[in-house]
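Comments concern the structure below.
Protein chains: 2
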Amino acid sequence: MATMHDVARLAQVSVSTVSYVLTGTRPISQATRNKVLAAMAELDYQPNAMARGLASRRSRILGLLMPMDERGLGATETAFVTGAAAAASSAGYHLVLSPVGGGDLEDLRRLASQRMLDGVVLMEVQLADERVTVLQETGVPLVLIGRTADTSTLSYVDIDFDQTVREAVAHLVGLGHRRIVYVNHSAATLASGYGPALRTRDAFVAAMTGHGLDPVMIAAEDSAAGGRAALAAAFAQAPELTAVLAMNETAIFGILGELTGRGLSVPGDVSVVSMVTSPQVAELATPALTAMTSPGSALGRIAIEALVRHLDGPAAERHPDGSAVERHQQLLPCALEVRGSTAPPRSRRPVRADQ
Amino acid sequence: MATMHDVARLAQVSVSTVSYVLTGTRPISQATRNKVLAAMAELDYQPNAMARGLASRRSRILGLLMPMDERGLGATETAFVTGAAAAASSAGYHLVLSPVGGGDLEDLRRLASQRMLDGVVLMEVQLADERVTVLQETGVPLVLIGRTADTSTLSYVDIDFDQTVREAVAHLVGLGHRRIVYVNHSAATLASGYGPALRTRDAFVAAMTGHGLDPVMIAAEDSAAGGRAALAAAFAQAPELTAVLAMNETAIFGILGELTGRGLSVPGDVSVVSMVTSPQVAELATPALTAMTSPGSALGRIAIEALVRHLDGPAAERHPDGSAVERHQQLLPCALEVRGSTAPPRSRRPVRADQ
DNA sequence: CCGCTTAGTCGAAACGCTTCGACACCGCTG
DNA sequence: CAGCGGTGTCGAAGCGTTTCGACTAAGCGG
């Protein structure tokens, strides 16, 4: 491994000059620059990231902390990651993903305190999230995807669940549906304070009552079986339902399966809208699902851009004691994409008894 | 941020002593150790990863290079990642995931040359994979998931596709199926030299002819539509088929949809086996799919363990010119898990014309 | 009681880079 | 022609660790 010394010697300049060529911190004449560049090329020189980081006190590495649970990353999360990676790379940063499990809060603190990460994006934030507290304590610049309950001191980017639900409901109501059931995440997830689940619940109630309709919500486990059970529960609570709005991307296949099992057709008998879903997943179903497409890659890009702006910003105070560090707080709506799973309700739908 | 100097001063010892307490490189008396530990606790000291890395020439960071395409990480890949992360963490390493897109070979070289990664695991290896070459050139310790065509100088862990296909076919043949169609990845994927697709193709031909049966393979695009088209093609080529073996996790939902669309029931009319699939995905379908479950987390764990063994090994030469660095080469089979999508074929299946 | 190992500690030299202060040289202005 | 601001370059002092050689004080066999 060639070092800057080697390059400097070969180019017959001082080490600092080589450094200036690399970083552009000070003006260097074209002639010198060329000599140095030539030497670097000849030696196949690559700067040592550690040394650079130590001396400059910035690693140019951004961390994306993603909880990795067993059910994997959907296309939504993936879009998010790729958007973030692209944004980071074009800002001259590396993005590393760190799969942080649930339990290791101490691990998180260590990771953040070791000064290896210039900044951090935290995904899947809960309304009350200890990880946020821990990260804030370490003083590492932080942007959230999702929001905690109190967002006053935080930067975040999140989906505009309110508007998303409102649009979805409007779409169904516009088609003529009156009896719409919302299949949310599980009761346990709701109880744990998972923001999207809670916010969509409230938004659904608001949207439905706004249309003068009765909001029926079912909590479903994140599995196909959960979806089936949810649909059964839905028919029990609202036998005359004509439309299902589902937040639970995993349960939706169970919902569809159960619908078919009951001899009901989609969208003939029941319309289905999937929320916060990627086109890829929506296309998996038969018929392809009308869905609220999440702004995945935009979300990632914006989060990183906010972080970078903070890092590269002029007077970016790291530990401002009360001083006004600018916060970036932004909501992005999902876009309605109509596919084959929604249609006007049958005008005189034959009432089927719940089996 | 407290430094070692601060700790040393507070504990009234030298800096090197603090370092020895931390690393255990040299014996330290219990009394001194306690003083130092107390000082560290009091100052909330966290070693600076950069400085440590610079001085010791090892970052204790392992990279998991994963191509992130638009269709996201399945549960299989996720299991893989979590397995790897757990193994890394218990070996005292951090695991970072780097989403490397397709094009940036130069980027890859830079990443690997910057001495920020002690070792690298590369996922989704193609039979002819330039990334492998690039990484080998940088001299960074490397373990592959998957294999290139020539594996002589490489360490890898991979799925035993041969055995997996053999078992899947045996399961179907054991049930009485004679006419089995294999739905592989797309023709383009095959042409690009994607190992799993090629190896399973060959294994399928071998397994079927071994049973005295005629192997029919269809290439399907990675989408629901691709699955539908594939099924249509399958019926065109083998109208009397009673079983489908699918490698293409994405296409399988299209296959199921098309089957239903044709009025065929699973497993009554046609049995379906999904290969290299996670239980989570298998459960999404109705009925739940009989599948060959991939050894995801074991794969990740083993890859990392092999890498760590190489790094922590006694005389681990980084650039051995011809010397025998031990290679780790291992194949893991997928496990057959029978669910609801396979059954004996109808003895006298009513022949349906292709629509 | 003498040299020899061994446990325990220290000081200083790296590690490979950034960055600060200094300085030389240039062409200008007044 | 003194003085000045700008440009281009250098040397050296860090950045926060690890690690090496050296030193001291015991402990011990002969």
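So the protein sequences, as listed, match chains A and B. Residue numbers for the first sequence follow the working numbering, beginning at 1 and rising by one. Residue numbers for the second sequence follow the working numbering, beginning at 1001 and rising by one. Where is the CB? At the ideal position from N, CA and C, for every residue including glycine.
Rounded to whole angstroms, how far is the Cβ of residue i from the Cβ of residue j, which I believe are closer than 8 Å?
{"i": "A:G195", "j": "A:Q126", "result": "7 Å"}
{"i": "A:A251", "j": "A:E221", "result": "7 Å"}
{"i": "B:P1279", "j": "B:T1293", "result": "6 Å"}
{"i": "B:L1065", "j": "B:V1132", "result": "That belief does not hold up - the Cβ atoms of B:L1065 and B:V1132 are roughly 11 Å apart, past 8 Å."}
{"i": "A:D118", "j": "A:S59", "result": "5 Å"}
{"i": "A:A79", "j": "A:I304", "result": "Between A:I304 and A:A79 the Cβ distance is about 13 Å, and since that is not below 8 Å, they are no contact."}
{"i": "A:L97", "j": "B:V1096", "result": "7 Å"}
{"i": "A:L62", "j": "A:H94", "result": "7 Å"}
{"i": "B:S1271", "j": "B:H1211", "result": "About 15 Å; that fails the 8 Å criterion."}
{"i": "A:H374", "j": "A:L336", "result": "Examination of residue 374 of chain A is not possible in this model, given that chain A is present from 1 through 355 alone."}
{"i": "B:T1200", "j": "B:M1275", "result": "7 Å"}
{"i": "B:L1231", "j": "B:E1249", "result": "Their Cβ separation, rounded to whole angstroms, is 15 Å, which puts B:L1231 and B:E1249 out of contact at 8 Å."}
{"i": "A:V281", "j": "A:A75", "result": "6 Å"}
{"i": "B:V1181", "j": "B:V1216", "result": "5 Å"}
Return the bridge partner residues of residue i from the DSSP annotation.
{"i": "B:T1290", "result": "B:V1273"}
{"i": "B:L1097", "result": "A:L97 and B:L1064"}
{"i": "A:V134", "result": "A:V134 pairs with nothing; no bridge assigned."}
{"i": "B:Q1329", "result": "B:Y1156"}
{"i": "A:G119", "result": "A:L62"}
{"i": "A:E337", "result": "A:A291"}
{"i": "B:L1142", "result": "B:V1120"}
Based on Cα-Cα distance, which residue from the options lies nearest to residue i?
{"i": "B:L1022", "options": "B:M1004, B:R1009, B:L1256 and B:A1031", "result": "B:M1004"}
{"i": "A:M40", "options": "A:T138, A:N184 and A:R9", "result": "A:R9"}
{"i": "B:D1150", "options": "B:Q1329, B:E1337 and B:R1346", "result": "B:Q1329"}
{"i": "A:T148", "options": "A:T17, A:A128, A:L331 and A:L62", "result": "A:A128"}
{"i": "A:A11", "options": "A:K35, A:V273 and A:E167", "result": "A:K35"}
{"i": "A:G300", "options": "A:D107, A:H177, A:Q136 and A:G146", "result": "A:G146"}
{"i": "A:D269", "options": "A:A232, A:A203 and A:L241", "result": "A:L241"}
{"i": "B:D1158", "options": "B:G1296, B:A1085, B:A1233 and B:A1187", "result": "B:G1296"}
{"i": "A:R228", "options": "B:L1175, B:A1288, B:G1193 and B:R1178", "result": "B:A1288"}
{"i": "A:R339", "options": "A:R309, A:A306 and A:A291", "result": "A:A291"}
{"i": "B:S1090", "options": "A:D104, A:E77 and A:A85", "result": "A:D104"}
{"i": "B:G1174", "options": "B:P1141, B:M1208, B:A1038 and B:T1200", "result": "B:M1208"}
{"i": "B:A1049", "options": "B:V1244, B:A1075 and B:R1057", "result": "B:R1057"}
{"i": "B:S1019", "options": "B:P1047, B:A1038 and B:G1313", "result": "B:P1047"}
{"i": "A:M68", "options": "B:P1067, B:D1069 and B:L1073", "result": "B:L1073"}
{"i": "B:V1169", "options": "B:L1144, B:V1140 and B:M1247", "result": "B:M1247"}
{"i": "B:E1042", "options": "B:P1141, B:R1309 and B:M1001", "result": "B:M1001"}
{"i": "B:A1206", "options": "B:R1166, B:T1286 and B:S1192", "result": "B:R1166"}
{"i": "A:T286", "options": "A:I255, A:R179 and A:A306", "result": "A:I255"}
{"i": "A:V140", "options": "A:A225, A:I302 and A:V308", "result": "A:V308"}
{"i": "B:R1346", "options": "B:S1113, B:V1013 and B:A1243", "result": "B:A1243"}
{"i": "B:S1155", "options": "B:S1341, B:M1116, B:H1310 and B:E1106", "result": "B:H1310"}
{"i": "A:A298", "options": "A:G313, A:R327, A:V13 and A:C334", "result": "A:C334"}
{"i": "B:T1342", "options": "B:Y1045, B:F1253 and B:L1245", "result": "B:L1245"}
{"i": "B:T1160", "options": "B:R1115, B:V1100, B:L1108 and B:A1197", "result": "Per the sequence shown, residue 1160 of chain B should be read as Asp rather than Thr. It is B:A1197 whose Cα lies nearest to the Cα of B:D1160."}
Taking Cβ-Cβ distances below 9 Å as the criterion, which residues of the region 1256-1267 of chain B are in contact with chain A? L1256, G1257, E1258, T1260 and G1261
With 9 Å as the C-beta to C-beta threshold (strictly closer), list the residues of the region 73-95 of chain A near chain B in chain order. L73, G74, A75, T76, E77, T78, A79, V81, T82, A84, A85, A86, S89, H94 and L95
In chain order, which continuous runs of the alpha helix (DSSP H) of length 4 or greater are located wholly inside the region 1015-1091 of chain B? 1015-1023, 1030-1043, 1049-1056 and 1075-1090
Which runs of the alpha helix (DSSP H) at least 4 residues long sit entirely within the region 1242-1274 of chain B? Give them in chain order. 1252-1261
If you measure beta-carbon to beta-carbon, which residues of the region 37-48 of chain A are closer than 9 Å to chain B? D44, Q46, P47 and N48
If contact means a Cβ-Cβ distance below 7 Å, which residues of the region 1132-1145 of chain B contact chain A? none
What residues in the region 1271-1303 of chain B bring their beta carbon closer than 8 Å to a beta carbon of chain A? S1278, Q1280, E1283, L1284, A1285, T1286 and A1288
Listed in chain order, which residues of the region 49-61 of chain A have Cβ atoms closer than 7 Å to some Cβ of chain B? A49, M50, A51, G53, L54 and S59
Given a limit of 8 Å on CB to CB distance, which residues of the region 1010-1026 of chain B reach chain A? none
Considering only residues of the region 1166-1229 of chain B, which uninterrupted alpha helix (DSSP H) runs meet the minimum length of 4 residues and lie entirely inside it, listed in chain order? 1187-1191 and 1195-1210
Give the residues from the region 1108-1128 of chain B that approach chain A closer than 8 Å (Cβ to any Cβ), ordered along the chain. R1110, L1111, S1113, Q1114, R1115 and M1116
Members of the region 232-243 of chain A that neighbour chain B once the beta carbon cut-off is set at 8 Å: none
Going along the chain, which residues of the region 1156-1186 of chain B sit with their C-beta nearer than 7 Å to a C-beta in chain A? none
Check each residue of the region 196-207 of chain A: if its Cβ is closer than 8 Å to any Cβ of chain B, include it; give the result in chain order. none
Identify each residue in the region 1214-1226 of chain B for which the Cβ-Cβ distance to at least one residue of chain A is less than 9 Å, and report them in chain order. S1223, A1224 and A1225
Output needed in chain order: residues of the region 1324-1341 of chain B with a Cβ under 8 Å from some Cβ in chain A. none
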